[in-house]
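Since the structure comes first, as structure tokens, the remarks are kept for the end.
There are 2 protein chains.
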Amino acid sequence: MSASASEKKDSTTEEKIKTAAKTVFYKKGFAATRTRDIAEEAGLNLALLNYYFRSKAKLFEIIMAETFSGFIGSMKVILDDEKTSLEQKVITIAERYIDFISIEPEIPTFILTEIRNNPEELLKKLPIKEIVNDSVFIKQFQEAVQNKEITEPNPLHFLMNLLGLVVFPFIVKPIIMGSRNLETEQFDALMQERKKKIPIWINMMFKA
Amino acid sequence: MSASASEKKDSTTEEKIKTAAKTVFYKKGFAATRTRDIAEEAGLNLALLNYYFRSKAKLFEIIMAETFSGFIGSMKVILDDEKTSLEQKVITIAERYIDFISIEPEIPTFILTEIRNNPEELLKKLPIKEIVNDSVFIKQFQEAVQNKEITEPNPLHFLMNLLGLVVFPFIVKPIIMGSRNLETEQFDALMQERKKKIPIWINMMFKA
DNA sequence: AAAATTTTTAATCATTTGATTAAAAATTTT
DNA sequence: AAAATTTTTAATCAAATGATTAAAAATTTT
Numbered sequence: 001m002s003a004s005a006s007e008k009k010d011s012t013t014e015e016k017i018k019t020a021a022k023t024v025f026y027k028k029g030f031a032a033t034r035t036r037d038i039a040e041e042a043g044l045n046l047a048l049l050n051y052y053f054r055s056k057a058k059l060f061e062i063i064m065a066e067t068f069s070g071f072i073g074s075m076k077v078i079l080d081d082e083k084t085s086l087e088q089k090v091i092t093i094a095e096r097y098i099d100f101i102s103i104e105p106e107i108p109t110f111i112l113t114e115i116r117n118n119p120e121e122l123l124k125k126l127p128i129k130e131i132v133n134d135s136v137f138i139k140q141f142q143e144a145v146q147n148k149e150i151t152e153p154n155p156l157h158f159l160m161n162l163l164g165l166v167v168f169p170f171i172v173k174p175i176i177m178g179s180r181n182l183e184t185e186q187f188d189a190l191m192q193e194r195k196k197k198i199p200i201w202i203n204m205m206f207k208a
Numbered sequence: 001m002s003a004s005a006s007e008k009k010d011s012t013t014e015e016k017i018k019t020a021a022k023t024v025f026y027k028k029g030f031a032a033t034r035t036r037d038i039a040e041e042a043g044l045n046l047a048l049l050n051y052y053f054r055s056k057a058k059l060f061e062i063i064m065a066e067t068f069s070g071f072i073g074s075m076k077v078i079l080d081d082e083k084t085s086l087e088q089k090v091i092t093i094a095e096r097y098i099d100f101i102s103i104e105p106e107i108p109t110f111i112l113t114e115i116r117n118n119p120e121e122l123l124k125k126l127p128i129k130e131i132v133n134d135s136v137f138i139k140q141f142q143e144a145v146q147n148k149e150i151t152e153p154n155p156l157h158f159l160m161n162l163l164g165l166v167v168f169p170f171i172v173k174p175i176i177m178g179s180r181n182l183e184t185e186q187f188d189a190l191m192q193e194r195k196k197k198i199p200i201w202i203n204m205m206f207k208a
């Protein structure tokens, strides 16, 4: 029973390759994966990768773009919601991202290591500055600061702390599990706990 | 003006190789570095790597071992100090680790990606379970829980939050800097701020 | 069902890359 | 300073790896 997340319509070979590429790239990163690994994971002839995607780099680009847009797209939606309060946004981010990452736990480390290896190229495709700076979230944050509801004036600290509390455990998951003999279910339970706790912690940290 | 941290006694060729290997391995990881990259960084003939260290893997092992022991050795000392309170330990960890990582900012991502690529092999060399479970810190934490000074009973949440607040910003540094046009000095200033703030945040989160 | 097109396969290529070797250069020992 | 030892170099090797090719197989179109 291997099979990672995306296990839906692997009908076409093109989709089989993409699914396999995701699995292997997520686990080992671009540099450490061999095109033969992907072909084997997909159960397909090696030449098909080049037939459908031209090159390893092109295939990687596609996986990367989809991963990015999945990851920050949902963030943008949450941060830009006019109808939710700042507090509700924190709740939603904790809830949704823990669910999202739990399904594909390798994604955070994958994104971070690939950005490390190629920051200029990858970051220019990510309009993070705009997403954050032009967001409803930032407006609400600045209002809360002005109304003295929040003690910390720098939204960067706020976001780093929030995302750190959500994402960091997934990044150190191998260390935690190896060092405390946790099973996957126990780790997942721990993260479910954090869904509730993170918004409370954030409130305690920042609420005046 | 290249030159990363360890730039002291590069007198012998052996040390030159190790310094260069650190620089390249930290930046690109094991899989993405070529032995030729290291030789070039060191300004030495490629064959010298094999002459002094037998193989790329052996050289990597040495760098890895030194990096690990530097990273968790200092942690052990702090966690095992009988003379400091829990609160003081938090202050010391924030202070020392931010200083430590600021000097060699690639280390956290390096450690995490290499553990991802080879968890069994690398983690069995790291007695993290023992360091944490048998520490004075754990004793103090459990006492504080019993005395109702701390609301959160699970030391894992406490440690993850503390280390997340310290380490996570370094891991996402490329994203932060790329997305907000920060300069290195500004990022460093941000981390200096966090030295003071993290202990306060931790108190707010966990103190009854 | 014949022809045309698309997909898949096995074999092979060219480059990259970790490693070795034998000779040259430098250093140390006698 | 001659001999022995250690260190460095240029050349080369062998295996790994991304990619291509030409033929075979499968599918679609006519």
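Heads up: the protein sequence lines correspond to chains A and B, in order. Its first residue numbered 1, the first sequence is counted upward by one per residue in the UniProt record's numbering. Its first residue numbered 1, the second sequence is counted upward by one per residue in the UniProt record's numbering. Just so it is clear, CB atoms sit at the ideal spot from N, CA and C, and this is done for glycine as well.
Around the beta-carbon of Glu-106/B, 16 or more other beta-carbon atoms lie within 10 Å, marking it buried.
Counting only Cβ-Cβ distances below 9 Å, Arg-180/A has contacts in chain B at Ile-128, Lys-129, Val-132, Asn-133 and Leu-156, in chain order. Contact residues of the region 13–36 of chain A toward chain B are Lys-27, Lys-28, Gly-29, Phe-30, Ala-31, Ala-32 and Thr-33 (C-beta to C-beta distance below 9 Å). For Ile-175/A, a Cβ of chain B is located within less than 8 Å of the residue's own Cβ. 8 Å or more divides the Cβ of Ile-63/A from the Cβ of Ile-175/B.
Between Ser-102/B and Met-191/B, the C-beta gap is smaller than 8 Å, which places the two residues in contact. Within the same chain, and ignoring the five residues on either side of Lys-89/B in sequence, the residues whose Cβ sits closer than 8 Å to its Cβ are Ile-78, Leu-79, Asp-81, Phe-137 and Gln-140.
Judged by their CB atoms, Asn-117/A and Lys-56/B are not nearer to each other than the 8 Å cut-off.
Where Glu-183/A is concerned, there is no enclosing alpha helix (DSSP H), because DSSP gives it neither an H nor an E.
Contact holds between the region 162–171 of chain B and the region 163–179 of chain A, because three or more Cβ pairs, one in each stretch, are under 8 Å apart. Contact between the region 25–43 of chain A and the region 30–47 of chain B is established, with three or more Cβ pairs separated by less than 8 Å.
With its beta carbon less than 8 Å from one in chain B, Asn-117/A belongs to the interface. Chain-ordered listing is empty here: chain A has no CB closer than 8 Å to the CB of Phe-137/B, the nearest sitting near 14 Å. For Leu-123/A, the nearest CB of chain B lies under 8 Å from its own CB, placing it at the interface with that chain. If you look at Asn-133/B, you'll find it in the alpha helix (DSSP H) that goes 128–133. Residues of chain A whose Cβ lies closer than 9 Å to the Cβ of Leu-112/B are, in chain order, Thr-109, Leu-112, Thr-113, Ile-171, Val-172, Pro-174 and Ile-175.
Per DSSP, Asp-37/A is one residue of the alpha helix (DSSP H) stretching across 35–42. Within chain A, no residue has its beta carbon less than 7 Å from that of Asn-45/B; the closest one is some 25 Å off.
Chain order gives the chain A residues near Phe-168/B as Met-160, Asn-161, Leu-163, Gly-164, Leu-165, Val-167, Phe-168 and Ile-171, where near means a beta carbon separation below 9 Å. Between Glu-41/A and Thr-67/A, the gap from beta carbon to beta carbon reaches 8 Å or more.
When only Cα atoms are considered, Ile-17/A and Met-204/A end up about 46 Å apart. Going by DSSP, Asn-117/B is part of the alpha helix (DSSP H) stretching over 107–117.
Selection Arg-194/B, Lys-207/B, Ile-202/B and Trp-201/B evaluated against Glu-95/B yields Arg-194/B as nearest (Cα-Cα). Rounded to the nearest angstrom, the Cβ distance from Leu-126/B to Ile-72/B is 7 Å, consistent with a contact under 8 Å. For a cut-off of 8 Å, the C-beta gap from Thr-13/B to Leu-48/B is around 6 Å, short enough to register as a contact. Lys-207/A carries a strand assignment under DSSP once its states are collapsed to helix, strand and coil.
Residue range 13–32 is occupied by the alpha helix (DSSP H) that includes Lys-18/B. Residues of chain A whose Cβ lies closer than 8 Å to the Cβ of Leu-49/B do not exist, since the nearest Cβ in that chain is about 19 Å away. Bounds of the alpha helix (DSSP H) holding Pro-169/B are 155–171.
Using a CB distance cut-off of 8 Å, Leu-86/B does not count as an interface residue toward chain A.
When the five nearest sequence neighbours on each side are left out, the beta carbons in the same chain lying within less than 8 Å of the beta carbon of Pro-108/A are those of Ile-101, Val-167, Phe-170 and Ile-171, in order along the chain. Only residues of its own chain outside the window of five on either side were considered, and among them Ala-208 have a CB closer than 6 Å to the CB of Glu-149/B, listed in chain order. For the region 49–118 of chain B, the full-length alpha helix (DSSP H) segments reaching 4 residues or more read 56–79, 86–103 and 107–117 along the chain. By the neighbour-count definition (other C-beta atoms within 10 Å, threshold 16), Ser-69/B is an exposed residue. Looking at Asn-45/B, Ile-202/B and Ala-21/B, the one whose alpha-carbon comes closest to that of Phe-110/B is Ala-21/B. According to DSSP, Ile-150/A shares a beta bridge with Lys-207/A.
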